[in-house]
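Report on one structure; see the data block that follows.
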Amino acid sequence: MKAIHNILTVSKYESKTLFRSWFFRIFSILALLFVFLFNLGTQTSIGWPNGDMVALPSMIPFINLYIINIAQAVIAVFLASDFLKRDKKLDTTEVIYMRSMTNADYVIGKTIGNVWVFFVLNFVALGMVAVFNLASPYTQFSLAPYFYYFFLISLPTLIFILGFSFFLMSVIKNQAVTFVILLGYIAATLFYLQNIYHYLFDYMAFHLPMTFSDFVGFGFLKDILIHRGIYFFLGLGFIGLTIMLLQRLPQSPIIRKTTLVFSIVFLSLGFGLGFKYISNINANDNHRTLMLELNNKYAATPKVNVKKCDLVIEHKGEGITGEADMILTNLTTEPLREIILTLNPDLEVTAVSGAKFDREQQIIKLTPDSPLPSGGELNVKISYRGAIDETFCYLDMTRERLELWLDRGNGIADKKHAFITPDYLLLTPETRWYPTAGISYSTDGLKWQTTQFSDFHLKVKTTNGLKAISQGKITDEGNGSFDFTPENKLPQMSLVIGRYTTRSIDVDSIKYNLTFLEGHNTFDPFFKILRDSLPPVIRDLRKTWETKVRFAYPYKRFNLIEIPVQFCSFTHVWSGAGEQVQPETVYLPEGGFKLASANFAEQKKQAERSGNHDNQTISPRETEENYLKRFVNEALLSSKTAPSRGGGGGIHFGGPSPTTEEKNPYFIFPNYYTFISYVKSDKYPIVNRAIESYLSKAATETGNSFMRNFTGLSDNEKGNIALQDASFAEILDNQDDQDIIDNVILTKSGFLFALMKGAVGPDKFDDFIRKFIDGKKFQSYPIDTLNVQLMSLFNLDLNQYLPDWYSSKSLPGYIVSKINAVKLKKDDQIKTMVSFVITNTEKDAGAVSVSFRMGGGQRGGGGGFRMRGGGGADDNIEKTVLINGKVSKKITYLFNREPRSITVNTFASHNIPSSISQQFGKIEIDEKLQGEESDVEIPYTEGVEPNEIISDNEDPGFLVSKPRSNSLIKKIFMPADETAVAGKGLKKSVMSILKNKKQLKYKGIVFWNPPVEWTLTTNEQFYGKQIRSAYYLKGGSGDRKATWNVPVKVAGYYKLSAYIPKIRGGWNRDEKTDEEYNFTVFHDDGQDHQIVNMKDNDSGWMEIGSYHFSPDTVKIELSNLSKARNIFADAIKLVKEK
202 MKAIHNILTV SKYESKTLFR SWFFRIFSIL ALLFVFLFNL GTQTSIGWPN GDMVALPSMI
262 PFINLYIINI AQAVIAVFLA SDFLKRDKKL DTTEVIYMRS MTNADYVIGK TIGNVWVFFV
322 LNFVALGMVA VFNLASPYTQ FSLAPYFYYF FLISLPTLIF ILGFSFFLMS VIKNQAVTFV
382 ILLGYIAATL FYLQNIYHYL FDYMAFHLPM TFSDFVGFGF LKDILIHRGI YFFLGLGFIG
442 LTIMLLQRLP QSPIIRKTTL VFSIVFLSLG FGLGFKYISN INANDNHRTL MLELNNKYAA
502 TPKVNVKKCD LVIEHKGEGI TGEADMILTN LTTEPLREII LTLNPDLEVT AVSGAKFDRE
562 QQIIKLTPDS PLPSGGELNV KISYRGAIDE TFCYLDMTRE RLELWLDRGN GIADKKHAFI
622 TPDYLLLTPE TRWYPTAGIS YSTDGLKWQT TQFSDFHLKV KTTNGLKAIS QGKITDEGNG
682 SFDFTPENKL PQMSLVIGRY TTRSIDVDSI KYNLTFLEGH NTFDPFFKIL RDSLPPVIRD
742 LRKTWETKVR FAYPYKRFNL IEIPVQFCSF THVWSGAGEQ VQPETVYLPE GGFKLASANF
802 AEQKKQAERS GNHDNQTISP RETEENYLKR FVNEALLSSK TAPSRGGGGG IHFGGPSPTT
862 EEKNPYFIFP NYYTFISYVK SDKYPIVNRA IESYLSKAAT ETGNSFMRNF TGLSDNEKGN
922 IALQDASFAE ILDNQDDQDI IDNVILTKSG FLFALMKGAV GPDKFDDFIR KFIDGKKFQS
982 YPIDTLNVQL MSLFNLDLNQ YLPDWYSSKS LPGYIVSKIN AVKLKKDDQI KTMVSFVITN
1042 TEKDAGAVSV SFRMGGGQRG GGGGFRMRGG GGADDNIEKT VLINGKVSKK ITYLFNREPR
1102 SITVNTFASH NIPSSISQQF GKIEIDEKLQ GEESDVEIPY TEGVEPNEII SDNEDPGFLV
1162 SKPRSNSLIK KIFMPADETA VAGKGLKKSV MSILKNKKQL KYKGIVFWNP PVEWTLTTNE
1222 QFYGKQIRSA YYLKGGSGDR KATWNVPVKV AGYYKLSAYI PKIRGGWNRD EKTDEEYNFT
1282 VFHDDGQDHQ IVNMKDNDSG WMEIGSYHFS PDTVKIELSN LSKARNIFAD AIKLVKEK
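In structure tokens, the structure reads:
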């Protein structure tokens, strides 16, 4: 009792002392003020609704506790490291210090006092957040997460940082040094250590995935408890060590020994849990390696075809029992002595009838009584039970990619690929929850991969009150029993079970189902009028989309199903579909998490603001219709995710830029091709993926280059860089980087189809390929079937194109010049003639697509950009030009309408940017001009006249420099040669550059905050033969220079010009500033300083002056001495005067 009294006394006075501390008061008030303002701006009508908090009620305490946790970590570090120093100075603790009590009583009392003070801070902050939450018109209230996150985030953080601070102060005995070390540790965990070893060092749980779902709670609760237990017990251990190190008479030897024992126990528990945490990760990696080796072992085994599969699944507790009655067909030319099937390794096979079997991890090896002959069938029935091993999923992905967090802000969601709980189940094909033919992945190329279409039937038994949803016509048999009968052959099945509510509507013989968790109806308040008149809106959205995709929806139903926020999938090299999209189904994230278009509260506020600003009156029905259309267009009909305006999850550390576009996992295109048709080819196993990529891009192409300017390179251009040193086949075989392969597939598929469209005609080819696919629905077929049709109709042989397309390492490269538009009279009509010269500088034949945006739309020049979806592709005219190697052509087109712009897409080539566009301003008329459409070869030219010398920033003689820094830190961390960068080609370490996105050679243009150092970027308005690039920076004091060293062979007078692009962000086109370029020319008579002002000039060659140069290397410098926002160093031209 005396010990308890002593502890309570010390804690009482410690807490009083801390509450009186001005440091604590000031920082606590600032922290509470920040929390108040944050919630004022995200949960009230004053600010903007936070998308994460609107989607998930649990995100409200989650995000706010991050803010509080950072603040209290800094405060705790200062106060804890101060306590020994303070004890020696303050009379209030001197009395306690001299009392007869054990060191344990004293330190434990001090710790409890500190913890109590921060508990009060947490309770006040969370109470304030709860009041905002309850009063918010946007968010729902959920009480349990407030307690979960407090005990999982705040408590372990406090115990650890207090104990660690006490311990360091006891050892170092210098408050300043201790404070710096601890703040450095906090900064390291926030900015550097982050997700290393699956967030092991993240003691504040700032990056640790621990999102709470209303469906399933925490995704990996066991891992979360281990992680937080590490720091909780380490903190207790450090407190024990502090007791041992305290410079005060211990008073009780027994207590001292007991403290030592407990310290050892707590530290052992902490380090033991840490070892367990790491060993779990390593065990998963080892398991994945073994499964991959097993797949490789059977990769070359001929694959059986699954003709029919009847499934019976019973969901019970945290597992399932299943039965698969399958008819297997041998479609190969040889008898099959053994048949390889794949089933998730945690699903135990209990019985097999129809063949003998062996089980090894995920592999089921069937041995028929006699070899299965070619064309023969085998009926087998496989019974199994168990759970799902998620480490089996995505064997083609590295651990780093699997742990990738894509713009999750602080609301990082666990990455789960399946769920089986007593009240919820979600199984997708990636988990192999039913037996499938062959293996799931092999590192030995892609020949193992194929897609099969089977007749499926599914019966499901689950707990009464739960609802099951899968593909096909559903029959609810009552008592938790459901029957699913698909009308067509399918490549795969998925299954979801939960406490769901479904809304349905029939439009044009298609049943549209919206299924969501009971109590998750947060959208009705935003659709009070439209719900009674949905069919016309749905019909219009579908017709508009299908006009673009040029396919009709092939199923009788379309399901939108809400699933837990933790569900995550990745696309494979061989398919553009992720697991969120299944036949006739799209799985949407809980509450629309991370879907900007699902934040209807934000849309409503934006509509109200726009209406007030523009004095426009939009009817409530039109407003609701706009909500729905934006959601469908952005969430379902866009191949890329739209950057969110402000719906992110609070503070953002690391991860992609908010302007980054990512692949949209909810894009419904797979329901129009991927799950409908499959082209088989052993020789070219990626050809189906190429067709899918082409059709998908054609359906979503808008010609929008806005985002490209922020990233520096488009997806096509990243693919082009990868292809500089490797063939398509080699890149696919290496499979080193999924993003690189996706980019290569994109650019190579465009190139292949451009070749074929050039031979046939764009419209004819597009009509053919879509009609052909329509006639091959729900089946796979060899590429020869497609080739026979092309030969029959167009005399086009794929074998002329595919070998080089797949295996060649060389690429074409183009120079596009002399683009001109003029009006003329022809046949008593005013027509517009557009001509240009194109040169293929390489030996390989090539093909480019030339598109014209006709009439209407936006006009612009000088670097304007169209925002997402602007301009529309429906008013485009597309042409294709075939051009042999080392050939120049002059191309001329005549149009009845006036084109606004021309875009030349070079696909797989040496060109960067891969698309070259030019806006047409006012087009003049020449009534005397005669013109005809033509495609003629002309004498070879690369666009440079004989008397011209052009030095580009990509040439070896160009370099940029910056002043040397005397900073010790910069000398340690910056390479010595970064003070000068020479303009070099692309072919050095291309693959290694692309593997690390932070090291991309070309950066995006940041208009509003340009860099202070020379930065290499690309843009179609720069000069360049094939690579249109330039260095840029912001205006400064003249201490940074760009230098062109131009070789001159003939002495004489030369007119010197500089190519100066004038590029601004589309939102700031009318900016009027002095845009001075300061050049220094070194010539035979000395040196000359010239200023070129671009204020009233457009992009192009700007004359600097005439100078006499001797045969030597001419030096021209451009400095950053200017008030201009952006300065570009691009190219220099010398024209010899006669």
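To convert, count from 1 in the sequence shown and add 201; that's this note's numbering.
By construction, the Cβ of each residue, glycine as well, lies at the ideal position given by its N, Cα and C atoms.
Run through the DSSP bridge pairs and tell me what residue 586 is partnered with. For residue 586, which the question treats as bridged, DSSP gives the partners 522 and 549.
Straight-line CA distance for residue 364 to residue 438? 7 Å
Could you name the residues of the same chain whose beta carbon sits closer than 6 Å to that of residue 1096, not counting the 5 residues immediately before and after it, in chain order? 1033
To test your reading of the DSSP string, which unbroken alpha helix (DSSP H) runs of 4 or more residues are found completely within the stretch 414 to 490? Correct list: 422 to 446.
For residue 807, name the three-state secondary structure that DSSP assigns. helix
Mind listing, in chain order, the continuous beta strand (DSSP E) runs of no fewer than 3 residues lying wholly within the stretch 694 to 758? 696 to 699, 701 to 708 and 711 to 718
Return helix, strand or coil for residue 355, following the three-state DSSP convention. In the displayed model, residue 355 falls within a helix according to three-state DSSP.
My output table needs one value for residue 970: the three-state DSSP class, helix, strand or coil. helix
Taking 8 Å as the cut-off, decide whether the C-beta atoms of residue 470 and residue 434 are in contact. yes
What is the DSSP secondary structure of residue 1171, counted as helix, strand or coil? Because residue 1171 sits at a pLDDT of 48, beneath the cut-off of 50, its placement in the model cannot be relied upon, and the following sentence gives the value as read from the coordinates. Helix at residue 1171.
In the DSSP output, which residue or residues are listed as bridge partners for residue 1231? 1218
Report all residues from its chain with a CB closer than 7 Å to the CB of residue 1217; omit the five preceding and five following residues, and keep chain order. 1202, 1203, 1204, 1230 and 1232
Residue range of the beta strand (DSSP E) that includes residue 1333: 1332 to 1337
Indicate the three-state DSSP secondary structure (helix, strand or coil) for residue 1306 in the structure shown. Residue 1306 falls in the strand class under three-state DSSP.
Please go through the same chain and pick out, in chain order, the residues whose beta-carbon is closer than 7 Å to the beta-carbon of residue 566, but skip the five residues on each side of it. 539, 541, 558 and 559
Beta bridge counterpart(s) of residue 1315 as assigned by DSSP: 1247
Checking 8 Å against the spacing of the C-beta atoms, do residue 1137 and residue 1091 come in under that value? yes
Quick check on DSSP: helix, strand or coil for residue 1268? Model confidence at residue 1268 stands at a pLDDT of 46, short of 50, so the residue's coordinates are unreliable; what they give is reported in the following sentence. Residue 1268 falls in the helix class under three-state DSSP.
Here's a check: name, in chain order, each residue in its chain whose Cβ is nearer than 7 Å to the Cβ of residue 350, leaving out the five neighbours to either side. Cβ contact annotation for residue 350 (same chain, cutoff 7 Å, sequence separation greater than five): 262, 263 and 266, in chain order.
Backbone CA spacing between residue 1039 and residue 1013 [nearest angstrom]: 12 Å
Residues sharing a beta bridge with residue 841, DSSP: 864
Using a Cβ cut-off of 8 Å (strictly closer), state whether residue 1208 contacts chain D. Included in the structure is just one protein chain, with no chain D present.
Taking the beta strand (DSSP E) that residue 513 belongs to, which residues open and close that run? 506 to 517
Name the two residues that bound the continuous alpha helix (DSSP H) containing residue 1132. Note, residue 1132: premise wrong, no alpha helix (DSSP H); not H, not E.
For a test of the three-state rule: what should DSSP assign to residue 259, helix, strand or coil? coil
Keeping to the same chain, check which residues put their C-beta closer than 7 Å to that of residue 564; ignore five residues upstream and five downstream. 495, 499, 541 and 543
From the DSSP output, in three-state form, read off residue 1083 for me. Three-state DSSP puts residue 1083 in a strand.
Would residue 692 be called buried (16 or more neighbouring beta carbons within 10 Å of its own) or exposed? buried
How many angstroms separate the CA atom of residue 510 from the CA atom of residue 525? In this structure, the CA atom of residue 510 is about 6 Å from the CA atom of residue 525.
Cβ atoms of residue 412 and residue 645: under 8 Å apart, would you say? no
Taking all protein chains shown into account, decide if residue 1251 is buried (16 or more other Cβ within 10 angstroms of its Cβ) or exposed. Classification for residue 1251: exposed.
How would you write the range of the alpha helix (DSSP H) that residue 647 sits in, first residue to last? Here residue 647 belongs to no alpha helix (DSSP H), and DSSP marks it neither H nor E.
Within 10 Å of its beta-carbon, does residue 1132 have 16 or more other beta-carbons around it, so buried, or fewer, so exposed? buried
Straight-line CA distance for residue 503 to residue 359? Distance between the alpha carbons of residue 503 and residue 359: 59 Å.
When we look at the beta-carbon of residue 1209 and count the other beta-carbons within 10 Å, is it buried (16 or more) or exposed? exposed
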